[in-house]
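**Student:**
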Amino acid sequence: MDPAQYFQPRTFSIKLWPPSESTRLMLVERMTKNLSTESESIFSRKYGTLGKEEAHENAKRIEELCFASADEHFKREPDGDGSSAVQLYAKETSKMMLEVLKKGPRTTAELEAPVADTPLVPDTPLVPADTPLVPADTVLDISGGKRAFIEADEAKELLSPLTKPGNSYQRICFSNRSFGIGAANVAGPILESVKNQLTEVDISDFVAGRPEDEALDVMRIFSKALEGSVLRYLNISDNALGEKGVRAFSELLKSQESLEELYVMNDGISEEAAKALSELIPATEKLKVLHFHNNMTGDEGAMYIAEMVKRSPNVESFRCSATRIGSDGGVALSEALGTCTRLKKLDLRDNLFGVDAGLALSKTLPKLPDLVELYLSDLNLENEGTIAIVKALKQSAPQLEVLEMAGNEINAKAAPDLAECLTAMQSLKKLTLAENELKDGGAVIIAKSLEDGHTDLKELDVSTNMLQRVGARCFARAVADKPAFVQLNINGNFISDEGIDEVKEILKAGKKSLDVLGSLDENEPDGEPDDEEEDQDAEDNEDELDSKLQSVKVEQDD
6 MDPAQYFQPR TFSIKLWPPS ESTRLMLVER MTKNLSTESE SIFSRKYGTL
56 GKEEAHENAK RIEELCFASA DEHFKREPDG DGSSAVQLYA KETSKMMLEV
106 LKKGPRTTAE LEAPVADTPL VPDTPLVPAD TPLVPADTVL DISGGKRAFI
156 EADEAKELLS PLTKPGNSYQ RICFSNRSFG IGAANVAGPI LESVKNQLTE
206 VDISDFVAGR PEDEALDVMR IFSKALEGSV LRYLNISDNA LGEKGVRAFS
256 ELLKSQESLE ELYVMNDGIS EEAAKALSEL IPATEKLKVL HFHNNMTGDE
306 GAMYIAEMVK RSPNVESFRC SATRIGSDGG VALSEALGTC TRLKKLDLRD
356 NLFGVDAGLA LSKTLPKLPD LVELYLSDLN LENEGTIAIV KALKQSAPQL
406 EVLEMAGNEI NAKAAPDLAE CLTAMQSLKK LTLAENELKD GGAVIIAKSL
456 EDGHTDLKEL DVSTNMLQRV GARCFARAVA DKPAFVQLNI NGNFISDEGI
506 DEVKEILKAG KKSLDVLGSL DENEPDGEPD DEEEDQDAED NEDELDSKLQ
556 SVKVEQDD
């Protein structure tokens with residue numbers, strides 16, 4: 006979507022700026038659609054989409070920031086017709102939308118946000134909406150535009166603002182542009198001249214497509230130039246570092262004593278690379294955000310990550326998802342997390358933890374009283390690990406707002422304990438139990454626990470759980486009267502056409518738009534779970550289960 010389509014020049018108008026209120030609202034709605042699940046653009050297919058509410062919040066914030074920036078621009082050219090302000094408005098809006106899609110969904114306790122005090126540097130700290138905009142000349146972002154190689158002449162031009170005497174740049178983002186050795190030799194002296202004023206550096210994805218030797222030389226040049234800078238934020242993601250790459254950044258890493266946010270995602274962080282990181286970063290006491298998503302760390306590498314975690318007691322957001330960590334590494338990491346008593350967001354998704362690591366994590370969770378978001382999908386927890394974790398959460402984290410436990414082979418046997426835990430979580434906003442084996446028997450129990458209270462619940466995902474008519478109906482009934490509810494995902498199940506109709510009627514009775522019901526393209530109306538007898542029993546005994554579950558409540562341990 007190109008927002009410029011809304012701002013075509015009108016021959017009968019002398020001034021093109023400012024746009025009318027209705028035009029601004031129309032742009033917000035169009036951005037919401039392009040950022041949400043309704044969008045079918047090439048970028049949404051590549052990067053994914055956001056939920057409708059989050060998309061709307063981002064769209065509104067993007068529009069406000071871009072309007073303010075363009076309005077300031079217009080004030081500096083009062084004799085113009087406003088066309089350049091319109092162009093800036095449209096250009097920055099498009100750029101910021103792409104950054105939002107690249108980053109993906111931001112949940113409630115997210116410590117970094119794409120739409121924050123500046124639109125240009127991704128993963129900057131979230132600030133209140135009424136925070137004044139940082140002047141544009143404190144941020145140099147060259148990441149916009151086509152992903153491409155950058156050579157010496159272009160580097161000189163792009164980085165020229167940093168060479169101006171008295172400039173006040175504090176944050177730089179060189180992501181999405183691939184530096185060759187010539188460009189790096191230009192950038193090095195420039196960066197060294199401003200390193201003492203820099204606080205945030207994003208050099209993620211800045212050597213893509215370069216031969217290994219050249220890429221390593223570029224990293225060394227940047228590392229040397231930035232050595233001794235006092236950074237609070239450093240992003241070196243998407244650079245296929247491996248151990249060689251990590252050590253190429255050794256001068257920069259060893260000089261950092263005040264880092265608050267460190268991102269090393271999609272970097273080929275193996276055991277050796279993890280060891281190098283642990284050795285090279287001298288101080289992690291101030292770290293609040295530590296993200297290692299999508300690496301090849303494994304159990305051995307997890308031991309070194311665990312050592313870093315132990316030295317990081319102030320971490321509030323820890324992400325170590327999709328890192329190939331198995332049982333031994335999962336146990337070590339779970340135990341290390343016990344030192345992070347200020348943790349608010351924990352993301353361990355898509356690893357091979359298994360039951361033992363799940364049990365270890367259950368012992369750590371009571372030490373994390375401030376936890377707000379917990380992502381434990383695809384960890385092979387099974388019933389035993391799941392039950393241990395939810396029992397711990399029932400007592401220690403009733404304030405939890407996001408809980409994801411998809412793909413853990415959870416069946417109806419774990420449902421009673423899970424239900425008691427959910428009953429305690431009255432602040433819950435998002436619950437994901439997709440790709441498990443709850444069937445109708447488990448669904449009835451869990452849905453019942455969500456019926457009373459839970460007024461803040463917005464999203465429920467129980468897709469691919471072998472549900473039939475009874476389970477689907479129970480979940481619809483559980484969410485139909487929630488004032489904040491926006492999305493129910495029951496796709497990928499075995500719900501009959503009659504069952505779908507019943508779900509829709511329940512939602513309508515609760516005055517919910519049918520937009521709340523997500524796609525059903527993978528539902529199999531004629532399909533059946535493996536155990537037909539079990540699911541027939543669930544349907545026959547739904548009323549009996551309803552009666553029994555009236556007594557489900559939170560109980561304090563003696």
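Heads up: take any position in the sequence shown, counting from 1, add 5, and you land on our numbering. Positions of the beta carbon are idealized from the N, C-alpha and C atoms, including for glycine.
Is it buried or exposed, residue 328, if we count other Cβ atoms within 10 angstroms and call 16 or more buried?
**Tutor:** As a position in the sequence shown, residue 328 is number 323, starting the count at 1. The residue in question, residue 328, is buried, as its Cβ has 16 or more Cβ neighbours within 10 Å.
**Student:** Look up residue 352 in the DSSP assignment and give the residues it is bridged to.
**Tutor:** Along the sequence shown, one-based indexing puts residue 352 at 347. As a beta-bridge residue in DSSP terms, residue 352 pairs with 324 and 380.
**Student:** List the residues that DSSP assigns as beta-bridge partners of residue 442.
**Tutor:** On the sequence shown, position 437 is the one that residue 442 refers to. Paired residue(s): 416.
**Student:** For the beta strand (DSSP E) containing residue 344, name the first residue and the last one.
**Tutor:** Walking along the sequence shown from the start, residue 344 turns up at place 339. From DSSP, residue 344 is part of no beta strand (DSSP E); its letter is neither H nor E.
**Student:** Here's the rule: buried if 16 or more other CB atoms are within 10 angstroms of the residue's CB, otherwise exposed. What is residue 74?
**Tutor:** Residue 74 sits at position 69 when you count from the first residue of the sequence shown. The residue in question, residue 74, is buried, as its Cβ has 16 or more Cβ neighbours within 10 Å.
**Student:** Could you tell me which of 505, 515, 34 and 498 sits nearest to residue 527, measuring between CA atoms?
**Tutor:** Your numbering for residue 527 matches position 522 in the sequence shown. Closest option to residue 527, Cα to Cα, is 498.
**Student:** Any idea what DSSP makes of residue 492, helix, strand or coil?
**Tutor:** For the purposes of this step, residue 492 is taken as residue 487 along the sequence shown, with counting starting at 1. Looking at residue 492 - three-state DSSP - the assignment turns out to be strand.
**Student:** I'd like to confirm the pairing. Which residues does DSSP put opposite residue 41 in its beta bridges?
**Tutor:** The residue you call residue 41 lines up with position 36 of the sequence shown. In DSSP, residue 41 forms a bridge with 55.
**Student:** If you draw a straight line from the alpha carbon of residue 283 to that of residue 313, how long is it in whole angstroms?
**Tutor:** As a first step, residue 283 is located in the sequence shown; it is residue number 278 there, counting from the start. As a first step, residue 313 is located in the sequence shown; it is residue number 308 there, counting from the start. If I take the Cα positions, the gap works out to 6 Å.
**Student:** Tell whether a beta-carbon distance below 8 Å holds between residue 280 and residue 320.
**Tutor:** In the sequence shown, residue 280 corresponds to position 275, counting from 1. In the sequence shown, residue 320 corresponds to position 315, counting from 1. Their beta carbons are not under 8 Å apart, which means residue 280 does not touch residue 320 by this criterion.
**Student:** Quick check for students: name the residue ranges of the alpha helix (DSSP H) that lie wholly in the region 455–509, counting only runs of 4 or more.
**Tutor:** 474–484
**Student:** Mind checking which residues open and close the alpha helix (DSSP H) that includes residue 218?
**Tutor:** The sequence position of residue 218 within the sequence shown is 213, counting from 1. Element bounds for residue 218: 217–231.
**Student:** What does the alpha-carbon distance come out to for the pair residue 187 and residue 154?
**Tutor:** Residue numbering aside, residue 187 sits at position 182 when the sequence shown is read from its first letter. Residue numbering aside, residue 154 sits at position 149 when the sequence shown is read from its first letter. So the two alpha carbons sit approximately 11 Å from each other.
**Student:** Measure the Cβ-Cβ separation of residue 484 and residue 519 and say whether it is below 8 Å.
**Tutor:** Walking along the sequence shown from the start, residue 484 turns up at place 479. Walking along the sequence shown from the start, residue 519 turns up at place 514. Result no, Cβ atoms of residue 484 and residue 519 do not sit closer than 8 Å.
**Student:** From the DSSP output, which residues share a beta bridge with residue 437?
**Tutor:** In the sequence shown, the residue the question calls residue 437 occupies position 432. Per DSSP, 409 and 466.
**Student:** Counting pairs of beta carbons, one from the region 154–168 and one from the region 200–209, are three or more of them closer than 8 Å?
**Tutor:** no
**Student:** Return helix, strand or coil for residue 174, following the three-state DSSP convention.
**Tutor:** As a working note, residue 174 is residue 169 in the sequence shown. Coil, per DSSP.
**Student:** With 16 as the cutoff for other CB atoms within 10 Å, does residue 482 come out buried or exposed?
**Tutor:** What you label residue 482 is simply residue 477 of the sequence shown in a count that begins at 1. It counts as buried.
**Student:** Name the residue from 352, 206, 306 and 250 whose alpha carbon lies nearest to the alpha carbon of residue 261.
**Tutor:** If you number the sequence shown from 1, residue 261 lands on position 256. Answer by Cα proximity: 206.
**Student:** Would you mind reading off the limits of the alpha helix (DSSP H) that contains residue 190?
**Tutor:** As a working mapping, residue 190 is identified with position 185 in the sequence shown. Start and end: 186–199.
**Student:** Determine contact between the region 336–349 and the region 301–312, defined as no fewer than three beta-carbon pairs at a distance below 8 Å.
**Tutor:** yes
**Student:** Specify, as a first and last residue, the run of the alpha helix (DSSP H) that residue 373 falls within.
**Tutor:** Start at 1 with the first residue of the sequence shown, and residue 373 comes out as number 368. Note, residue 373: premise wrong, no alpha helix (DSSP H); not H, not E.
**Student:** Which residues does DSSP pair with residue 294 in a beta bridge?
**Tutor:** Numbered from its first residue, the sequence shown carries residue 294 at position 289. Beta-bridge pairing links residue 294 to 266 and 322.
**Student:** How close, in whole Å, do the beta carbons of residue 334 and residue 307 come, if the pair is a contact with beta carbons under 8 Å?
**Tutor:** The residue labelled residue 334 in the question sits at position 329 within the sequence shown. The residue labelled residue 307 in the question sits at position 302 within the sequence shown. Indeed, because the Cβ distance is near 3 Å, the residues count as touching under 8 Å.
**Student:** Tell me whether residue 152 is buried or exposed, calling it buried when 16 or more other Cβ atoms sit within 10 Å of its Cβ.
**Tutor:** The residue given as residue 152 occupies position 147 in the sequence shown. Exposed.
**Student:** DSSP on residue 183, reduced to helix/strand/coil?
**Tutor:** On the sequence shown, residue 183 is found 178 positions in, with the first residue counted as 1. Strand, per DSSP.
**Student:** Have a look at the DSSP bridge pairing and note the partners of residue 360.
**Tutor:** To locate residue 360, count along the sequence shown from 1; it is residue 355. Residue 360 pairs with nothing; no bridge assigned.
**Student:** Can you tell me whether residue 270 is buried or exposed? The criterion is at least 16 other CB atoms within 10 Å of its CB, across all chains shown.
**Tutor:** Here residue 270 corresponds to residue number 265 of the sequence shown, with the count starting at 1. The residue is buried, with at least 16 neighbouring Cβ atoms inside 10 Å.
**Student:** When the distance is taken between beta carbons, is residue 88 closer than 8 Å to residue 60?
**Tutor:** Locating residue 60 in the sequence shown gives position 55, where the first residue counts as 1. Locating residue 88 in the sequence shown gives position 83, where the first residue counts as 1. No, the Cβ-Cβ distance between residue 60 and residue 88 is not below 8 Å.
**Student:** Below 8 Å between beta carbons: does that hold for residue 480 and residue 462?
**Tutor:** Taking the sequence shown and counting its residues from 1, the one referred to as residue 480 is at position 475. Taking the sequence shown and counting its residues from 1, the one referred to as residue 462 is at position 457. Cβ atoms of residue 480 and residue 462: not closer than 8 Å.
**Student:** Using alpha carbons as the reference points, say which of 491, 351 and 65 lies closest to residue 101.
**Tutor:** Translated into the one-based positions of the sequence shown, residue 101 becomes position 96. Per the C-alpha coordinates, the member of 491, 351 and 65 positioned closest to residue 101 is 65.
**Student:** Helix, strand or coil, according to DSSP, for residue 566 in the structure here?
**Tutor:** Absent from the structure is residue 566, since the part of the chain shown begins at 6 and ends at 563.
**Student:** Let me confirm a value: residue 25 is counted as buried when at least 16 other C-beta atoms fall within 10 Å, else exposed. Which label applies?
**Tutor:** In the sequence shown, residue 25 corresponds to position 20, counting from 1. Looking at its Cβ environment, which holds fewer than 16 other Cβ atoms inside 10 Å, residue 25 is exposed.
**Student:** Is it buried or exposed, residue 146, if we count other Cβ atoms within 10 angstroms and call 16 or more buried?
**Tutor:** Taking the sequence shown and counting its residues from 1, the one referred to as residue 146 is at position 141. It counts as buried.
**Student:** Residues bridged to residue 206 by DSSP?
**Tutor:** Translated into positions along the sequence shown, residue 206 becomes position 201. Answer is 177 and 239.
**Student:** At the level of alpha carbons, what is the spacing between residue 452 and residue 67?
**Tutor:** Start at 1 with the first residue of the sequence shown, and residue 452 comes out as number 447. Start at 1 with the first residue of the sequence shown, and residue 67 comes out as number 62. Counting only the Cα atoms, residue 67 lies some 37 Å from residue 452.
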